[in-house]
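Residue numbers (UniProt numbering): 1 to 354.
Following this line, the structure appears as structure tokens:
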């Protein structure tokens with residue numbers, strides 16, 4: 001990867017870390033049933049609310065960068081080459097890891113929490129039949145909905161690239177409406193909500209990047225402050241579009257300036273993580289399920305002292321992030337070394353690269 005793009009890769013690394021933290025929180029803290037009123041309960045609720053308020057800083061910039069990085073495929077590469085080099089790879093990973101997660105999480109729940117009832121329609125990984133699994137995957141009701149979105153977005157934005165302005169305006173309106181009238185399927189809800197950010201990256205990414213690099217916040221302090229406060233006010237009335245757009249610009253600008261001050265290195269932690277987002281993204285959900293089931297059983301049964309529980313509550317998302325990152329990176333290396341990266345690249349691509 002060229003040095004000038006390393007700072008963009010670092011943002012991908014930050015985003016996948018926030019995704020892992022998000023899943024670590026929602027699978028753990030809301031299910032703590034034995035916490036008494038006090039500091040422990042306060043810390044648990046704090047993590048839940050913090051996780052909620054981090055939403056505008058997690059997926060919008062992730063999708064913007066995803067769109068920006070495939071701009072050439074959207075505008076220049078023919079459909080056939082796009083299918084071979086982009087769509088087939090994503091579909092392969094989505095289907096393979098959808099099956100792996102389904103098998104793994106089914107056995108984990110039977111082993112660690114046999115009495116725990118899961119709604120088989122809520123997530124493809126909890127499906128009780130192959131038909132239910134296929135239906136949930138078709139509705140994007142899967143922890144891998146990001147990959148599902150990439151498939152849909154690419155086809156849509158490549159096909160509609162001649163109608164950029166009206167399509168983006170329509171998607172902005174849909175983004176606002178869906179916050180008040182959500183779809184009945186949480187996965188498709190997320191896919192539809194984040195379309196506009198991918199479209200901005202795919203269609204206007206280079207222009208926005210050039211503008212961001214030249215823009216000086218210090219020259220427009222009152223305008224920037226007004227937009228920031230306005231976006232925050234809209235966010236609190238359930239209109240996150242503006243603050244999400246602001247977060248994209250702020251995060252891009254922050255990492256760009258940081259790169260100018262201290263140039264990103266290829267072996268830097270965030271760059272390594274950003275280069276392996278798919279490996280971490282696909283493996284972390286299985287790990288988080290296992291960790292949360294074990295810890296919830298012990299805490300809810302009162303096996304730990306209040307002091308130990310407090311310590312766990314304080315650092316759990318960070319420990320979970322560390323474990324998921326290390327395992328994801330390690331599994332990617334094993335996949336490459338032992339299986340020719342079969343877990344993350346379709347066999348046809350592996351054969352072609354040899």
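Just so it is clear, CB atoms sit at the ideal spot from N, CA and C, and this is done for glycine as well.
Since we're looking at a predicted model, the values are computed, not measured.
Have a look at residue i and residue j and give me their C-alpha separation to the nearest angstrom.
i	j	result
residue 206	residue 72	10 Å
residue 140	residue 186	8 Å
residue 2	residue 243	With a pLDDT of 48 at residue 2, under the threshold of 50, the modelled position of this residue cannot be trusted; read the value that follows with caution. One C-alpha to the other measures close to 30 Å.
residue 84	residue 182	34 Å
residue 318	residue 195	29 Å
residue 180	residue 238	8 Å
residue 19	residue 117	25 Å
residue 156	residue 130	28 Å
residue 88	residue 55	29 Å
residue 355	residue 224	Outside the shown range of the chain, which is 1 to 354, sits residue 355, and nothing can be said about it.
residue 212	residue 108	46 Å
residue 120	residue 312	30 Å
residue 259	residue 15	17 Å
residue 209	residue 57	18 Å
residue 240	residue 122	25 Å
residue 335	residue 234	45 Å
residue 217	residue 226	12 Å
residue 44	residue 30	8 Å
residue 98	residue 124	7 Å
residue 275	residue 191	23 Å
residue 37	residue 112	28 Å
residue 362	residue 309	Within the shown structure, residues of the chain are numbered from 1 to 354, placing residue 362 beyond reach of any answer.
State buried or exposed for residue i, treating a residue as buried only when at least 16 other CB atoms are found within 10 Å of its CB.
i	result
residue 5	exposed
residue 86	buried
residue 197	buried
residue 78	exposed
residue 300	exposed
residue 110	exposed
residue 254	exposed
residue 63	buried
residue 148	buried
residue 289	buried
residue 262	exposed
residue 114	exposed
residue 80	exposed
residue 307	exposed
residue 337	exposed
residue 165	exposed
residue 92	buried
residue 294	exposed
residue 232	exposed
residue 265	exposed
residue 13	buried
residue 351	Confidence in residue 351 is poor, its pLDDT being 47 and thus under 50, which makes the residue's placement unreliable; the coordinate value appears in the next sentence. So residue 351 counts as exposed.
Helix, strand or coil for residue i? Go by DSSP, reduced to three states.
i	result
residue 128	coil
residue 307	helix
residue 158	helix
residue 71	helix
residue 268	coil
residue 27	coil
residue 81	helix
residue 38	coil
residue 185	coil
residue 44	helix
residue 343	coil
residue 220	coil
residue 214	helix
residue 193	helix
residue 335	helix
residue 327	helix
residue 238	coil
residue 289	helix
residue 119	coil
residue 414	This structure does not reach residue 414, given that the chain is present from 1 up to 354, and the question cannot be answered.
residue 276	coil
residue 54	coil
residue 262	coil
residue 179	helix
residue 114	coil
Just checking my contact of residue i with residue j at CB under 8 Å: how many whole Å lie between their CB atoms?
i	j	result
residue 61	residue 247	6 Å
residue 296	residue 323	Contact doesn't hold; Cβ gap of about 16 Å is too wide.
residue 11	residue 90	Going by Cβ atoms, the distance from residue 11 to residue 90 rounds to 20 Å, so no, they are not a contact pair.
residue 24	residue 316	7 Å
residue 101	residue 34	Not confirmed; about 29 Å, so no contact.
residue 161	residue 75	6 Å
residue 200	residue 67	7 Å
residue 331	residue 279	6 Å
residue 106	residue 292	Not really, about 16 Å apart at Cβ, beyond 8 Å.
Looking at the C-beta of residue i, does it have a partner C-beta in chain B at a distance below 9 Å?
i	result
residue 82	No chain B appears in the structure shown, which is made up of a single protein chain.
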